[in-house]
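Reading through the structure tokens given below for one structure.
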Amino acid sequence: MENLTPMMKQYLKTKEQYKDCILMFRLGDFYEMFFDDALTASKELEITLTGRNCGMDDRAPMCGVPYHSVDPYIAKLIKKGYKVAICEQLEDPAQAKGIVKRDVTRIITPGTVNENTLLDEKENNYIMSLFKKGEVYSLAVSDVSTGELSSCQIIYGNTLEKLINEVVKYKPKEIISNFDTKFLKEYISVYISDVTEDIFDMPFPLISIKSKIKTNDFDIWRNACAGLYYYLVNTRKTDLSHITSVYVYEAEKYMSLDANARDNLELTENLKDNKRYGTLLWVLDKTSTSMGSRLLKKWIEQPLNDIDDINLRLDSVAELKDKYIIRQELMELLKSVYDIERLVSKTVMANANGKDLIALKNSFYKLPHIKELSSKLQSRLCNELHNDIDTFEDLCTLIDKSINEDCPIILRDGNLIKTGFDEEVDKLRKASHGGKSWIIDFEEKEKERTGIKKLRVSYNKVFGYYIEITNSFIDQVPNDYIRKQTLVNSERYITSELKKMEESILGAEEKLIRLEYEIFCRIRDTVAASAEKLLKTAYSLSVTDVLCSLSEIADRYLYNRPNMVSACEIDIKEGRHPVVERMPNCPEFIPNDLYINDTSDKTLIITGPNMAGKSTYMRQAALITVMAHIGSFVPAQSATIGITDKIFTRIGASDDLAGGKSTFMMEMSELAYILENATDRSLLILDEIGRGTSTFDGLSIAWAVIEYLNETRSLRTLFSTHYHELTVLEDKFSGVRNYFISAIKKDKDIVFLRKVKRGAANESYGIEVARLAGVPEQLIVRAGEFLMELEKSENKRTRIRKKESFIEGQVGILEFNKQDNGYQEIVEILKQCDIQKMTPLEALNLLYELKNKI
Ligand SMILES: Nc1ncnc2c1ncn2[C@@H]1O[C@H](COP(=O)(O)OP(=O)(O)OP(=O)(O)O)[C@@H](O)[C@H]1O
Ligand SMILES: [Mg+2]
């Protein structure tokens with residue numbers, strides 16, 4: 015340690031405080047990394063590893079990135095799950111006495127990034143704080159880049175399950191907590207940061223609380239908020255003054271969707287590659303701003319549970335759907351509105367540059383027109399939005415007068431402030447410009463005075479202004495020229511006159527840049543002071559944008575308004591699958607009805623061949639229900655939707671080998687979970703339960719499940735199956751209804767009719783579907799032969815079974831014993847009679863005689 019260079023001592027002292035981060039240490043024009051950080055970064059960023067003398071025997075491993083293009087490197091490290099601390103030079107190295115002062119000014123973690131280049135504009139970037147006290151939990155979640163802060167406490171029921179559902183809803187990038195949360199990695203990929211527990215017990219600063227929750231006996235939401243607040247402010251050095259309020263809610267306020275349901279229904283991410291394509295969000299998103307797009311995603315991720323809240327949205331969608339011209343105008347105007355939320359956050363965090371303020375100004379220009387248009391809307395929600403939109407004329411004028419339209423992105427490059435805004439800026443600018451034209455005149459004057467045509471006055475950073483004369487004219491150089499530098503072909507000189515001017519030009523330029531920067535910061539602070547109002551307007555614009563998008567879709571795709579009711583029933587006429595019908599390869603989508611309630615039509619058993627559309631039909635029911643709860647119109651002729659508290663799905667085969675669960679084990683644990691957590695208001699989608707094991711085991715489980723759903727519990731369920739035996743349950747339980755999706759066989763081919771009908775299917779057409787899929791013909795033929803064999807023996811078995819049941823005397827009207835004498839006598843009489851020769855009357859008499867013998 016003793017021998018270390020002072021710089022290296024400074025580095026190690028800083029690194030000691032940020033052990034969990036990769037420390038980027040500013041040295042001149044580079045951010046350098048040393049030791050282990052250098053080894054990691056050079057590997058992850060694919061940059062060259064070098065070394066630096068540090069006073070020890072071995073050189074310190076080192077690598078670096080240029081300061082002006084650091085963002086992509088940070089982004090790469092964050093994406094790979096590292097935290098980055100930026101250590102800046104706090105004083106001008108030229109003026110520093112001894113070693114330059116340095117300190118960490120910024121820490122970037124997956125949950126706290128705020129740079130545009132590191133963020134997805136259509137996605138929120140959440141950081142979450144979780145707090146546990148006994149069996150109750152609370153959480154606080156914030157998107158630092160937009161100023162959003164929400165908090166919720168989970169006190170009743172299966173609290174852990176509810177907590178997990180909230181976590182998967184937000185999919186935070188980073189989590190802090192006062193308990194072990196590693197298990198959450200099973201559900202989402204997230205960075206878990208270590209924190210000390212005491213931050214959760216600190217007093218949470220008073221900011222306004224937007225929605226008060228009913229229960230006052232607990233307010234542990236404050237602990238989660240405090241944890242988050244102190245982590246961000248103290249550890250991560252994030253300015254939070256743009257977070258002006260916290261929205262506190264109860265988890266029950268929203269429809270509960272677990273990770274499985276979210277995935278299977280492909281609400282915002284598809285199953286294939288977690289992208290938007292082919293999701294409900296993909297269909298519904300016609301928003302004009304990225305703020306709107308983010309909000310729509312949020313609405314889809316948390317469908318409402320309250321009829322009045324849903325109707326409030328539906329009323330506005332209905333109004334905007336009808337008012338075509340206003341809607342089109344609004345959508346057009348919104349297209350020119352920038353991401354005010356993120357711009358404001360950047361402004362507050364002193365990250366915004368001139369271009370950002372110009373973007374704000376250009377957005378402000380649209381506000382009066384948007385406000386005026388929204389005044390023409392009558393629905394309550396639109397009215398509220400209208401009142402919340404501010405037009406910010408003052409800020410708009412201020413930015414317009416002060417900030418140069420074509421200012422550079424870098425703040426210290428000057429050319430930020432418009433001429434005419436500030437007298438001092440104008441004076442300095444004149445001096446600097448005037449100085450430059452003086453140089454041009456000076457060059458001309460010197461050429462004339464010396465007679466050297468090739469004399470040139472130039473500038474570089476090291477020597478400032480100088481006169482350059484090529485070697486061939488050296489003897490003509492006047493005596494007052496002072497030689498400064500000798501090059502191969504020329505000499506460089508200065509004069510006292512030139513030096514004086516240089517001081518005044520450079521002085522003016524430096525002063526100008528500093529002054530422009532100061533003025534810019536003042537203006538930025540003025541904008542930042544209105545953060546709360548700005549964010550309120552931004553939110554109103556986002557809601558307007560989402561409502562426009564929903565009504566545009568409703569209009570374009572012929573959706574209708576769902577009728578929300580409190581009864582436990584869903585009645586859909588001519589429903590369609592919102593996503594399948596929009597896929598480019600879907601020829602024509604066949605609509606279908608659906609009726610389910612909690613008494614007479616509780617369990618719908620859906621049979622039909624492979625590829626018939628069973629899974630589509632069931633998902634469609636779930637998606638229409640979700641859409642209605644979002645406040646969206648639905649793809650159906652009409653739809654009555656009863657408030658549904660949760661949707662569960664058990665779809666398709668999957669296994670979790672890493673988690674130690676086989677396919678069938680997974681299926682059964684999911685089933686157990688669903689049965690434990692579903693309520694009478696839930697909707698269950700069970701797609702082919704029990705198919706992952708032997709036929710009889712599977713069938714028995716499926717049978718028992720349906721019995722349980724009907725007898726023990728009362729759970730509304732859509733149940734698809736290839737076990738046609740299950741359809742007898744319709745006669746056993748009053749709540750079971752059979753439906754099938756038909757297909758017909760034409761020669762070797764199969765034609766899918768896609769129409770859902772009452773009754774049961776009797777064939778699966780698995781082999782025909784295999785042929786359709788391109789399985790080799792030879793194999794298909796063999797499969798056909800096996801099927802025939804199996805069916806034959808199955809028929810035999812069925813006959814025997816029927817006979818047995820007959821013998822056991824369970825069924826049949828002709829109940830008697832084979833050994834009985836009467837039986838033998840009847841058999842004898844029947845054997846002897848010749849039916850061909852009998853008249854009808856004789857036959858009737860014989861029948862009469864036989865009957866008397868029973
Ligand atoms: N109503 C419909 N109109 C048009 N196409 C449909 C309809 N329903 C389903 N399809 C098409 O049929 C395909 C197969 O549907 P689906 O996966 O729902 O069949 P399935 O009955 O569940 O088959 P399996 O028994 O093999 O699981 C879908 O991908 C879709 O393209
Ligand atoms: Mg299916």
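Counting in my numbering, the sequence shown runs from 15 upward without gaps.
The beta carbon of each residue, even a glycine, is placed where N, CA and C say it ideally should be.
The Cβ atoms of E129 and D157 lie no closer than 7 angstroms to each other. Between V297 and G161 a beta carbon distance of about 29 angstroms is seen, past the 8 angstroms cut, so the two are scored as non-contacting. With a cut-off of 6 angstroms, the C-beta of R768 is classified as near ligand 1, since at least one heavy atom of the ligand falls inside that distance. Assigned with DSSP and collapsed to three states, S307 falls in helix. As the crow flies, the alpha-carbon of I141 is around 11 angstroms from that of S159.
Note that the C-beta distance between L723 and L729 is below 7 angstroms. Along the length of the segment 321–350, whole alpha helix (DSSP H) runs at least 4 residues long occupy 321–336 and 338–349, reported in chain order.
Closer than 6 angstroms to some heavy atom of ligand 2: that does not describe the Cβ of S756.
In this model, G69 and M21 are separated by some 10 angstroms (Cα to Cα). For V358, the shortest C-beta to heavy atom distance toward ligand 1 is 6 angstroms or greater. Residue pairing by DSSP leaves F378 without any beta bridge partner. Applying a distance threshold of 7 angstroms between residue Cβ atoms and the heavy atoms of ligand 2 selects K628, S629, D701, E702 and S734, given in chain order. Relative to the non-hydrogen atoms of ligand 1, the Cβ of I604 comes within a distance shorter than 6 angstroms of at least one. CA-CA distance, K115 to P492, rounds to 46 angstroms. At a threshold of 6 angstroms, V742 does not count as near ligand 1, since its beta carbon sits no closer than that to any of the ligand's heavy atoms. Check the Cα spacing between I257 and each of T282, D272, M363 and S203: the tightest is with M363.
Following the DSSP letters along the chain, one finds A55 in no beta strand (DSSP E) but inside the alpha helix (DSSP H) bounded by residues F49 to L59. In the assembly as shown, T558 is a buried residue. Its beta-carbon has 16 or more other beta-carbons within 10 Å.
Per DSSP, reduced to three states, the secondary structure at P422 is coil, with no helix or strand assignment. Linking I508 to Q109 through their CA atoms gives a straight-line distance of about 24 angstroms. Under DSSP, K771 forms a beta bridge with F754. Note on geometry: alpha-carbon atoms of E437 and I340 lie some 45 angstroms from one another. Using a 10 angstroms sphere on the CB of L279, the tally of other CB atoms reaches 16 or more, which defines it as buried. By the CB criterion at 7 angstroms, P605 and E583 fall outside the cutoff. Proximity of the beta carbon of M47 to ligand 1 is not indicated: no heavy atom of the ligand is located closer than 6 angstroms. Judged by DSSP in its simplified three-state form, C166 adopts strand. For the pair of segments examined, the segment 322–334 was found not to touch the segment 365–383: the number of CB pairs separated by less than 8 angstroms stays below three. The C-beta distance from G428 to I527 rounds to 4 angstroms, short enough to fall under 8 angstroms.
Contiguous alpha helix (DSSP H) elements confined to the segment 691–722 occur at 709–721, taking only those with 4 or more residues.
For G589, the enclosing beta strand (DSSP E) starts and ends at E583 to G589.
Annotation for S359: no beta strand (DSSP E) segment contains it, though the alpha helix (DSSP H) segment containing it runs I354 to V362. By the C-beta density criterion, Y291 is exposed, having fewer than 16 other C-beta atoms within 10 angstroms.
Of all C-beta pairs linking the segment 638–649 to the segment 767–782, fewer than three are shorter than 8 angstroms, placing the two stretches out of contact. Secondary structure at T405: coil, using DSSP grouped into helix, strand and coil. Boundaries of the alpha helix (DSSP H) around G521: S510 to A543. In the structure shown, the three-state DSSP call for R506 is strand.
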